[in-house]
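Enquirer:
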Amino acid sequence: MARLAGYETPRLGMGTMALAIEGRPSNRNVAIDTIHAALDVGVRYLDTAWSYYLPSRPGTGEPEDLGYGEKLVYEALATWDGPRDDVLVATKTGWLRTLSAAPATSNADSAAAPKSAIADRTGAVSGNNFGEYGWQADARPETIIHQAKESARRLHVDSLSLLYSHCNDPQLPYEDQMGAFRRLVDEGVVRHVGISRVDAHDIDIARSILGESLIAVQNQFSPSYPDPDHTLEYCAELGLAFVCWSPLGGFLDAVDQRKYDPFRKVAATRGCSYQRVTLAWELAQYDHLFTIPSARNPHEISDSFAATDLVLTSDELTYLNAAVGR
Ligand SMILES: NC(=O)c1ccc[n+]([C@@H]2O[C@H](COP(=O)([O-])OP(=O)(O)OC[C@H]3O[C@@H](n4cnc5c(N)ncnc54)[C@H](OP(=O)(O)O)[C@@H]3O)[C@@H](O)[C@H]2O)c1
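Each residue of the sequence shown is one higher than the one before, counting from 145 in our numbering.
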């Protein structure tokens, strides 16, 4: 257990992106059941975002699907008979979904997307196995403030426990984006702030503007993307929480499966899934690291959550760290 945004939570939460975007279960009840299964096994941190929805026409989306992911999380909590006040719901803002008329070639919220791929606010960046869906940064202060209030309304809360800036919108100074989050904190709309897809320089800017309100950095981290910029170490130095996105390599784009072979090897000796070993390895990197795997069915999240009980030996950790190059 660890403390995050005022909640005592296991360090393995659940990312709900796969339940809300392309490839999501066609039956909404399966998504609700998956979140219930997560909560039943002990998950107390659910990660969602403004942008977890699907536009249905070319452009930035049809109103009926906007907020799908946040509404799903709210509905799952409202219909769960456990201690829902113990559950931290974190959301993110500053990104939209797009649907392009023609197939394209890269995907922004995916493991493989370079930072530059999310740069274009004037048009969709899109395309992968799922076709023409894309993402678009929009972190103008007025957008952030408006969307944060809508997220609070959709989640039925007076203030958001933890709101992430989803990305650094390259069309705006980061100072201006962080200034909007400062205002949200000052107005009581947001209690704690996180930032995502950032480097050390971004972290410094955010800290200088947000001070103690900045508590978490959510960056990509997995055996196939082991944080080459060492932002995890920087968070440890500053005492910030580090939250791993796409901790199993993500599901939108193909990853180099060979990177997971050492984890398969350890898993074979442990008699468990390599995903569980991967998550346990991540948890061992830093005592204020949280990992938020996606799942599209109850079995996967139950299997993943068991990583919180899997203590890898120092030999196993040495072997896996060396294999990953950490
Ligand atoms: N801040 C950002 O920009 C950003 C970007 C990406 C993701 N995220 C966050 O990170 C969360 C997780 O990332 P992700 O959705 O990209 O993928 P992920 O957690 O890396 O998981 C990828 C896939 O692995 C499979 N899986 C999960 N647990 C498993 C298990 N125990 N055994 C076997 N297979 C398992 C599932 O695929 P199948 O369903 O196909 O089996 C899952 O969709 C998201 O939900 C989101 O909250 C944030």
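Glycine is no exception: its CB is placed at the ideal position from the N, C-alpha and C atoms.
1. If you drop the 5 nearest sequence neighbours on each side, which residues of the same chain put their C-beta closer than 8 Å to that of G203?
2. Taking DSSP's pairing of strands, which residues face K293 in a bridge?
3. In whole angstroms, what is the alpha-carbon distance linking A193 and G186?
4. Would you mind reading off the limits of the alpha helix (DSSP H) that contains Q419?
5. With a Cβ-Cβ cutoff of 7 Å, do L156 and A451 count as a contact?
6. Using CA coordinates, which residue listed in W389, R298, L423, E444 is at the minimum distance from Q209?
7. What number of angstroms, rounded off, separates the C-alpha of G393 from the C-alpha of Y218?
8. Along the beta strand (DSSP E) that carries G338, what are the first and last residues, could you check?
9. In chain order, what residues of the same chain lie with their CB nearer than 7 Å to the CB of V333, ignoring the 5 residues before and after it?
10. Output the distance between the C-alpha atoms of L384 and P169, rounded to the nearest integer angstrom.
11. Using a threshold of 6 Å, is the CB atom of A439 nearer than that to any non-hydrogen atom of ligand 2?
12. Say yes only if the C-beta of F395 is nearer than 6 Å to one or more non-hydrogen atoms of ligand 1, and no if none qualify.
13. Roughly how many angstroms lie between the CA atoms of D282 and Y430, to the nearest whole one?
14. Does the Cβ of E214 lie closer than 6 Å to at least one heavy atom of ligand 1?
15. So, E444 versus C388, is the Cβ gap smaller than 7 Å?
16. For a minimum of 3 consecutive residues, which ranges assigned as the beta strand (DSSP E) are wholly contained in the stretch 336 to 396?
17. Report yes if the C-beta of D191 is less than 6 Å from at least one heavy atom of ligand 1; otherwise report no.
18. Three or more C-beta pairs under 8 Å: does that hold for the stretch 370 to 380 against the stretch 413 to 428?
19. So what does DSSP say about L299, is it helix, strand or coil?
20. Starting from D191, trace the beta strand (DSSP E) in both directions and tell me its first and last residue.
21. Does the separation of the CB atoms of T178 and A439 fall below 7 Å?
22. Assess, as a yes-or-no matter, whether the stretch 226 to 239 is touched by the stretch 304 to 318 under the definition of 3 or more beta carbon pairs within less than 8 Å.
23. Measuring only from the beta carbon, is S417 closer than 6 Å to any heavy atom that is part of ligand 1?
Expert: Let me spell this out:
1. T242, L243
2. DSSP output for K293 lists no bridge partner at all.
3. 21 Å
4. 418 to 427
5. yes
6. In the sequence as presented, Gln is not what sits at residue 209; that position holds Asp. Nearest option by C-alpha distance: R298.
7. 27 Å
8. 337 to 340
9. A292, K293, A296, S303, L304
10. 34 Å
11. With respect to ligand 2, the structure shown offers nothing to examine, as its ligands consist of ligand 1.
12. yes
13. 32 Å
14. no
15. no
16. 337 to 340, 358 to 364, 385 to 389
17. yes
18. no
19. coil
20. 189 to 191
21. yes
22. yes
23. yes
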